[in-house]
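K.L.:
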Ligand SMILES: C[S@@+](CC[C@H](N)C(=O)[O-])C[C@H]1O[C@@H](n2cnc3c(N)ncnc32)[C@H](O)[C@@H]1O
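Numbering (our numbering), first residue to last: 869 to 1323.
Shown next as structure tokens:
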């Protein structure tokens, strides 16, 4: 039997017996027959092209994101030229609300590696980084979520460091910094494809609430792929798998549901049950993964990066040294407006957190309104330690609007940070356009950009 050589994460060569050969050796189903199980011709074509090494020639992307790595005009080419007054005045122009930066799809495709609730828009982050740093600086986001700040910093030739306690956020961010050439990813997928489709993973121990989202065969493929990508530290491909895990189009692996929040699939007994949408159909994982990879690479991805991603508590930041950070740009959680565990429950399950462990994670995250300011104070003490003297913190914080109360989070955080040794220089209001507000309320909503200086 012929042997295939694949590379594991460390670049070490690993010899493995190919399942392809096992398939043909025992005369089990031919590849074409396996492809027949896939309902959507687009994905059969992608699969065929992957096998014949023609995918890079024949792949058609649904829409282009206009983005290039061209050099943007630097306001501050070196740290010596930095001027905080100018940085604040650039920010006040709110350029991310203007053409072409206000377009929904502005930015590098890699920003869309996997959905994340509460993600900042890349253009917003882009302008904050350009206004508050120069290319030789190190930028930290201690609540990096899907890694928007470190990635945009990286694309702008800064050193981006991100950290998040949530394993799903950590995986997406790691995926954005797992830089390998396109063909490495496509070859990897091609080499494991037969093993993925022919695997017979048991789903006996998978809870029913997870089974409800997937066709049994798709679920087996996901379980196999998930374990393999995790074991082999294929962060980019693993994040791609999380990215297509659930959603409402044929490119996703699940029954019809949200791609950010996995609304519960409707059971047959539901009065509005829709057979065409609510019965899981077989969705082949490999061609969908290949399509996802191709989309990400439709903008050039730099292979070199100085970026670092950590899975640490913002109240500890153990890996970061004193005075090692020039600027902090972050959108911390504010009060308990978003729930980063239950919104990500399906993805977290595949990352090894059952419901009980998800509850434990929820307790660790800063999510509780009662303790919010105390916890943010602990974060502030660490930020004081890692930030250089006279360095800046830029936090994006939303107001909390309840029926009977209103909290200006930015002002509150500014007050407690004063005690730690940060001076608030300005709070800039950024009105969120009504079509981007999640709630149905027609009241004006603001993000507030608070700029603080390490005194
Ligand atoms: C508003 S989101 C950040 C979104 C991010 N800016 C992006 O573009 O994706 C806040 C993040 O804080 C994280 N978080 C909450 N408590 C944390 C803690 N104690 N340490 C580190 N991260 C925490 C959550 O997991 C969540 O990802």
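Ideal Cβ positions, reconstructed from N, Cα and C, are used throughout, including at glycine.
Spatial neighbours of residue 1131 within its chain, please: CB distance less than 8 Å, with the 5 preceding and 5 following residues excluded, ordered by chain position.
P.N.:
1125
K.L.:
In this structure, how does DSSP classify residue 1139 when only helix, strand and coil are distinguished?
P.N.:
coil
K.L.:
Which partner residues does residue 1195 have in the DSSP bridge list?
P.N.:
1007, 1260
K.L.:
So for residue 1056, helix, strand or coil by DSSP?
P.N.:
helix
K.L.:
Report the option in 1068, 1154, 1209, 1242 whose CA atom is closest to the CA atom of residue 1053.
P.N.:
1154
K.L.:
By DSSP, does residue 1048 sit in helix, in strand, or in coil?
P.N.:
coil
K.L.:
Please report the Cβ distance between residue 1146 and residue 1156, rounded to the nearest whole angstrom; I am assuming they are in contact, meaning their Cβ atoms lie under 8 Å.
P.N.:
Residue 1146 to residue 1156, Cβ: 20 Å. No contact.
K.L.:
Please report the distance separating the alpha-carbon of residue 1057 from that of residue 1158.
P.N.:
7 Å
K.L.:
Note down the Cα distance separating residue 1187 from residue 1083, rounded to an integer number of angstroms.
P.N.:
42 Å
K.L.:
Classify residue 1254 as helix, strand or coil using the three-state DSSP reduction.
P.N.:
helix
K.L.:
Bridge partners of residue 1124, per DSSP?
P.N.:
1115
K.L.:
In angstroms with no decimal places, state the Cα-to-Cα distance between residue 1079 and residue 1094.
P.N.:
15 Å
K.L.:
Do residue 958 and residue 1021 count as a contact pair if the criterion is CB distance below 7 Å?
P.N.:
No, they are not a contact pair.
K.L.:
Tell me the residue span of the beta strand (DSSP E) that contains residue 1074.
P.N.:
Here residue 1074 belongs to no beta strand (DSSP E), and DSSP marks it neither H nor E.
K.L.:
How many Å lie between residue 1322 and residue 1242 at the Cα?
P.N.:
19 Å
K.L.:
Under the criterion of a Cβ to heavy atom distance below 6 Å, does residue 1239 qualify as lining ligand 1?
P.N.:
no
K.L.:
Have a look at residue 1081 and residue 1129 and give me their C-alpha separation to the nearest angstrom.
P.N.:
13 Å
K.L.:
Verify the contact flag: residue 1032, CB atom, against every heavy atom of ligand 3, threshold strictly below 6 Å.
P.N.:
For ligand 3, the structure offers nothing, since it holds only ligand 1.
K.L.:
Closest to residue 1063 by C-alpha separation, out of 1185, 1152, 1192, 929, would be which residue?
P.N.:
Per the Cα distances, 1152.
K.L.:
Out of 1005, 1108, 988, which one is the CA nearest neighbour of residue 944?
P.N.:
That would be 1005, whose Cα lies nearest to the Cα of residue 944.
K.L.:
Who pairs with residue 1315 in a beta bridge, going by DSSP?
P.N.:
1266, 1298
K.L.:
Tell me the rounded alpha-carbon separation between residue 1212 and residue 1110.
P.N.:
10 Å
K.L.:
Tell me the residue span of the beta strand (DSSP E) that contains residue 1031.
P.N.:
1027 to 1031
K.L.:
Could you tell me if residue 1086 is buried or exposed, where buried requires 16 or more neighbouring beta carbons within 10 angstroms of its beta carbon?
P.N.:
buried
K.L.:
Verify the contact flag: residue 988, CB atom, against every heavy atom of ligand 1, threshold strictly below 6 Å.
P.N.:
Yes; taking the cut-off as 6 Å, the Cβ of residue 988 has a heavy atom of ligand 1 nearer than that.
K.L.:
Would you say the beta carbon of residue 1234 is closer than 6 Å to some non-hydrogen atom of ligand 1?
P.N.:
yes
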